[in-house]
């Protein structure tokens with residue numbers, strides 16, 4: 093009998109991730125910006141660098157990313173936005189050096 097992969101299994105994560113990111117709807121840049129905003133709002137600093145790079149690879153500019161973080165400070169709280177700033181700065185510097 094077939095058993096679907098359990099939550100947390102690599103198969104479940106791969107299928108869910110692929111279905112989420114490849115379905116019709118917002119452009120990849122916009123999906124990444126939505127994800128980035130959600131991570132910042134919820135204080136998930138450890139995942140910001142990956143998704144910021146992905147957003148920038150999809151066309152988000154450094155200025156747009158900085159503006160989004162500034163905007164989020166007023167809606168997600170200053171501590172969340174200020175926690176995201178050093179991560180964003182690190183991403184910007186690393187991309188500039190490449």
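Numbering (the working numbering), first residue to last: 93 to 190. Using N, Cα and C, we set each Cβ at its ideal position, and we do this for glycine too. As the structure is a prediction and not an experimental result, all values here were calculated from the model.
Contact annotation: the segment 167-175 does not touch the segment 141-158, with fewer than three C-beta pairs closer than 8 Å. A straight line joining the alpha-carbon of residue 136 with that of residue 149 spans about 20 Å. Excluding five sequence positions before and after residue 168, the CB atoms of its chain that fall closer than 7 Å to its own CB belong to 132, 133, given in chain order. The straight-line gap separating the alpha-carbon atoms of residue 118 and residue 166 is approximately 24 Å. Distances from the alpha-carbon of residue 164 to those of 185, 146, 127, 184 put 127 closest.
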